[in-house]
Structure formats: C-alpha cells, structure tokens
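Novice: Using the numbering used here, the letters of the sequence shown correspond one by one to residues 12 to 216. Positions of the beta carbon are idealized from the N, C-alpha and C atoms, including for glycine. Just so it is clear, the structure is predicted and the values come from calculations on it, not from any experiment.
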Amino acid sequence: MNSDKKRLAVLASGSGSNLQAIIENCQNGYIPAEVAVVLSNNTSAYAIERAKNFNIATVVLETKDFDSREAYDKKVVEILKSYEIDLVVLAGYMLLVTSEFLKGFQGRIMNIHPALLPAFAGTDGIGDALTYGAKVAGVTVHFVDEGCDTGPIILQDCLKIKEGETKEELAKRIHTIEHRLYPEAIKLFCEGRLEVEGRTVKLKS
Ligand code: GAR
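(1) Within this structure, are the beta carbons of residue 192 and residue 150 separated by less than 7 Å?
(2) Compute the Euclidean distance between the alpha carbons of residue 202 and residue 123, then round it to the nearest angstrom.
(3) Please name the residue or residues paired with residue 151 in a DSSP beta bridge.
(4) Please report the distance separating the alpha-carbon of residue 196 from that of residue 211.
(5) Which whole-angstrom value describes the C-beta separation of residue 16 and residue 35, a residue pair presumed to lie in contact below a C-beta threshold of 8 Å?
(6) Does the pairing of the region 95 to 114 with the region 38 to 56 give three or more beta-carbon distances under 8 Å?
(7) Using the Cβ count rule (16 or more neighbours within 10 Å means buried), how would you classify residue 31?
(8) Going by alpha carbons, who is nearest to residue 77 out of 68, 87, 69?
(9) Based on DSSP bridge pairs, tell me the residues matched to residue 208.
(10) When the Cα of residue 20 is compared with those of 62, 26, 41, which residue comes out closest?
(11) Applying the 10 Å Cβ sphere with the 16-neighbour rule, what's the burial state of residue 91?
(12) Can you tell me whether residue 238 sits near the ligand GAR, meaning its C-beta is under 6 Å from at least one heavy atom of the ligand?
(13) Contact check, residue 41 vs residue 198 under 8 Å by CB: the rounded distance?
(14) Under the three-state reduction of DSSP, which class applies to residue 68: helix, strand or coil?
(15) Would you say residue 60 and residue 85 are within 7 Å of each other, going by their C-beta atoms?
(16) Reducing DSSP to helix, strand and coil, say where residue 157 ends up.
(17) What is the DSSP secondary structure of residue 47, reduced to helix, strand or coil?
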C-alpha cells in the first residue's frame with residue numbers, strides 16, 4: 012500500500028454513480044487515495060452493490076435502529092474512525108449530518124449538490140431549478156457545516172438549461188459534470204491544496 016494515499020469513506024443513499032466515478036479515479040491514480048469503506052443508511056442502495064463489485068468494505072446502518080439522529084451519527088463516526096478515514100465524502104447521502112458527525116470529522120467532510128448553491132439547496136436541486144424557470148443549472152462541491160448545503164464552496168461548474176429540457180435529460184448532463192468535478196475536489200483535498208478562510212476555500216499551488 013502506498014503510504015501517501017489518503018483513506019476515503021464514501022456515504023451514499025442511492026445509485027452511487029458518483030461513488031463509481033470516485034473509485035475509478037482512485038484506481039487510475041488521478042486521486043491519491045483509496046475508498047476504504049462505503050456506508051449507507053439505505054439497505055437497497057445500489058451504491059452498496061457497486062462497492063462490493065470493487066471488493067470495498069460496506070456498512071449499512073438504518074436510522075430506525077437508533078434512538079436519535081445523534082446516536083446514529085455517533086455510531087457512524089465510531090465506524091469511520093475504525094477505518095482511519097482522512098476524508099468523508101457524501102455522495103448522494105440524503106441525511107443531514109448532526110453536530111456529532113461534524114465534531115468527529117471537523118473540516119474533513121465534503122458534499123456534492125446538483126445546483127449552483129446557494130440556489131436550490133435541499134433534496135431536489137435539479138427539479139427545483141426547473142420548476143423555478145432557471146436558465147442556468149450547475150454543480151457545487153462544498154465542505155459540510157451545520158447547515159443544509161451551506162458550507163464553504165470548493166468547486167462549482169454550470170451549464171445552460173435547454174428549452175424544453177426534461178428533468179431526466181438535465182440530470183444526465185449534471186451527472187456528467189459531477190463525475191468530473193467531485194474527483195477533482197477530492198484530489199485537491201488529498202494533495203493538501205485546499206485552505207479554508209472563513210467562507211472562502213483557497214487553492215494552494
Ligand atoms: C447526485 O446528483 C448528488 O448531487 C445528489 O444526489 C445525486 C446522487 O447520485 N445529492 C443531493 O441532492 C444532496 N442534496 P448518485 O447516487 O448517482 O451519485
């Protein structure tokens with residue numbers, strides 16, 4: 012094992028196409044890291060199957076088995092610590108993290124959101140942008156803080172919404188951007204090139 016490699020935990024609730032892009036970019040050497048564990052809150056998340064296909068350790072924890080969200084996150088942190096994780100990557104993880112989680116991995120949790128934050132935060136960024144009649148959509152990768160999609164922005168990219176474009180068509184184009192942007196942000200973190208000053212994430216050369 013290359014000792015310079017960082018150890019990632021990817022948390023996903025659904026399909027896991029971002030997870031797949033991250034694993035592939037670790038394996039081809041673009042990201043100097045390995046995905047040490049994939050954790051989901053959803054027993055039927057396809058992300059878990061994808062991880063197993065790469066022989067990556069998986070954990071499924073359901074919130075209903077815990078007395079509170081804090082108790083759930085305490086367990087998640089305990090598990091991730093046991094894997095000696097450097098960076099927690101939320102990839103379609105549809106739970107808000109509590110202060111228990113933030114305390115455990117201060118400044119080391121990233122999220123991807125399918126909109127140009129601070130516009131269209133929440134669970135349906137793509138649908139909300141279309142419903143609103145926005146002309147531009149996008150992708151944001153950000154550090155996670157105590158708010159919902161509010162942490163310091165690492166990278167963003169945008170695209171013009173085509174006239175009459177369906178949600179499925181737009182989602183497909185957004186996913187293509189996500190699969191490039193998330194590996195890039197994770198690579199920068201792993202290379203120690205991200206510096207946070209207040210709300211601003213600076214890129215060190
Ligand atoms: C991605 O589009 C991601 O941006 C979004 O969920 C999708 C997961 O896709 N996340 C959020 O909306 C978080 N608020 P995937 O499971 O195929 O990676």
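Specialist: In terms of the structure at hand:
(1) If you check the CB distance, residue 192 and residue 150 come in under 7 Å.
(2) Roughly 19 Å between the two C-alpha positions.
(3) Answer is 124, 167, bridged to residue 151.
(4) Within the model, the alpha-carbon separation for residue 196 versus residue 211 is close to 14 Å.
(5) The beta-carbon separation of residue 16 and residue 35, rounded to 15 Å, does not stay under the 8 Å limit for a contact.
(6) Because the criterion of three Cβ pairs below 8 Å is met, the region 95 to 114 and the region 38 to 56 touch.
(7) By the beta-carbon neighbour count (other beta carbons within 10 angstroms, threshold 16), residue 31 is buried.
(8) The residue among 68, 87, 69 with its C-alpha nearest the C-alpha of residue 77 is 87.
(9) Paired residue(s): 211.
(10) For residue 20, the nearest C-alpha among the options comes from 62.
(11) With 16 or more Cβ atoms within 10 Å of its Cβ, residue 91 is classed as buried.
(12) The structure shown does not extend to residue 238, since the chain is modelled only from 12 to 216, so the question has no answer here.
(13) Rounded, the Cβ-Cβ distance is 6 Å, consistent with contact.
(14) Strand.
(15) No. Outside cutoff.
(16) Coil.
(17) Of the three classes helix, strand and coil, the one that applies to residue 47 here is strand, per DSSP.
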